[in-house]
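Residue numbers (the numbering used here): 2 to 339.
Every residue gets a Cβ at the ideal spot worked out from N, C-alpha and C, and that includes glycine.
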Amino acid sequence: MDKALLSKTAAAMVAPGKGILAADESAGTCEKRFQSVNVDCTEENRRTYRGLLFTTPGVNQQISGVILHDETLRQSGNDGAAFPAYLAKNGMVPGIKVDKGVVNIPLLPSAEKVTEGLDGLDKRMAEYFKLGARFAKWRAVITIGEGIPSHTCIYANAHALARYAASCQAASIVPMIEPEVLLDGDHTIERCEEVTEATLRATFAALAAYNVSTEHTILKASMVVSGNKCSRQAGVAEVAERTLRVLKRTVPASLPGVVFLSGGQTDLDATAHLDAMNRIGAPWPLTFSYSRALQNTALKTWSGKAANYAAAQKAFAHRARMNGLAAQGKWKSELEKQ
Ligand code: 13P
């Protein structure tokens, strides 16, 4: 465990005005996204599209790191350089998604999931480090519904997150722990706040039980928002206030940074919420680690056509710039019109 390297990696990930591009969509998720723009989800198309994002001119001014899928970590760009080497050379830390997705928890309601991927993880970590990965993501999923989440579901996911985080640090890879509370459902923002608090409490208790160093851990959090089918949709100020309140109650001040997922929020909401939180301020750097909220427009603009390559890069660069400003509390909605 190289603590100096872990500290250096974590600090680079949350450097002022910068955040993370999540480009680690699984084959199934990629299939859905590509289908929405009528592009075949082939290995070559995934390589081309992700290369488009990584090579966007100037994007390293706002993108500090990229979460890659196992497939992408082993691919090369059009210039022949392996993606991790290209990213590192251009000042973007290569990361890797290491979980293997979710499964049902026997005897619990089917909406309750636990994330798999611990078997053989130490061996995979050693290989990922050799391939250039310096941080690793694990996503746990908590669903809000009638009588759920159960304590068992929160507990099972917290323990898996802690075991994976310990494996990461032993391999000198920064864990980016992602306990995502889904926004799907008709629940209120009050309920989301309650569940997010319980989830984060259990997660940090498990990290302590496994001797995970909070100084070398990045939290990838979901924001406290109204369920997407709830009749009362909380505004930007309320989301910022409630999210910060929960984080301050549960997250150690020793953490080097907190990054957020977009979770199905609109591009503008994800930016506005991050901006509002940074205007209030927190004990940690707060930045983005978005997939959809950074990529939606770029993917649509590209639509699999070489002629749209530059326009898609421009769309991605714009969202990266807007979120880079939001990470400093300097975003303004007028800037979106340019
Ligand atoms: P979204 O920003 O689209 O929620 O994706 C972030 C992510 O990495 C989910 O695991």
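>> Taking 7 Å as the limit between beta carbons, can you name the residues of its chain near isoleucine 178, skipping five residues before and five after?
In response: Stepping through the sequence shown from its first residue, residue 178 is reached at position 177. Trp139, Leu162, Ala166, Thr204, Thr218, Leu220, Lys221.
> Residues in its own chain within less than 7 Å of leucine 119 by CB, not counting five upstream and five downstream?
Replying inline: Residue numbering aside, residue 119 sits at position 118 when the sequence shown is read from its first letter. Result list for leucine 119: Ala161, Arg164, Tyr165, in chain order.
> Is any heavy atom of the ligand 13P found at a distance shorter than 7 Å from the C-beta of glycine 59?
Replying inline: Start at 1 with the first residue of the sequence shown, and residue 59 comes out as number 58. No - the ligand 13P has no heavy atom lying nearer than 7 Å to the Cβ of glycine 59.
> Which same chain residues, not among the five before or five after methionine 278, have their C-beta less than 7 Å away from its C-beta?
Replying inline: Here the question's residue 278 lines up with position 277 in the sequence shown. Within the same chain, methionine 278 has close Cβ partners Ala241, Thr244, Leu245, Leu287.
> So which of Gly146, Asn158, Asp270, Ile149 has the shortest CA-CA distance to glutamate 117?
Replying inline: For the purposes of this step, residue 117 is taken as residue 116 along the sequence shown, with counting starting at 1. Closest by alpha carbon: Asn158.
> Is there contact here, the region 245-258 with the region 292-311, by at least three beta-carbon pairs under 8 Å?
Replying inline: no
>> Which residue marks the beginning of the beta strand (DSSP E) containing tryptophan 139, and which one marks its end?
In response: Your numbering for residue 139 matches position 138 in the sequence shown. It spans 136-143 - the beta strand (DSSP E) in which tryptophan 139 sits, taken as one unbroken run.
> In whole angstroms, what separates the C-alpha of histidine 225 from that of valine 260?
Replying inline: Reading the sequence shown from its first residue, position 224 is the one you call residue 225. Reading the sequence shown from its first residue, position 259 is the one you call residue 260. In the sequence as displayed, the identity of residue 225 is valine instead of histidine. Straight-line Cα distance between these residues: approximately 14 Å.
> Would alanine 313 be called buried (16 or more neighbouring beta carbons within 10 Å of its own) or exposed?
Replying inline: Translated into positions along the sequence shown, residue 313 becomes position 312. With 16 or more Cβ atoms within 10 Å of its Cβ, alanine 313 is classed as buried.
>> As a quick exercise: from Leu201, Glu191, Lys19, pick the residue whose alpha carbon is nearest that of aspartate 276.
In response: In the sequence shown, the residue the question calls residue 276 occupies position 275. It is Lys19.
>> Which residues end up in the neighbourhood of the ligand 13P when you take C-beta atoms closer than 5 Å to any of its heavy atoms?
In response: Ala23, Arg140, Leu262, Ser263, Gly264, Tyr291, Ser292, Arg293
>> Assuming contact is defined by CB atoms lying nearer than 8 Å, are valine 142 and glutamate 191 in contact in what I supplied?
In response: As a position in the sequence shown, residue 142 is number 141, starting the count at 1. As a position in the sequence shown, residue 191 is number 190, starting the count at 1. Cβ distance not < 8 Å, so valine 142 and glutamate 191 don't count as in contact.
> Buried or exposed: glutamate 113, going by 16 or more other Cβ atoms within 10 Å of its Cβ?
Replying inline: Your numbering for residue 113 matches position 112 in the sequence shown. So glutamate 113 counts as buried.
> With burial defined as no fewer than 16 other Cβ atoms inside 10 Å of the residue's Cβ, what is the status of threonine 43: buried or exposed?
Replying inline: By 1-based counting over the sequence shown, the position of residue 43 is 42. Per the 10 Å Cβ criterion, exposed.
> Would you call the region 142-152 and the region 118-132 in contact, with 3 or more CB pairs under 8 Å?
Replying inline: no
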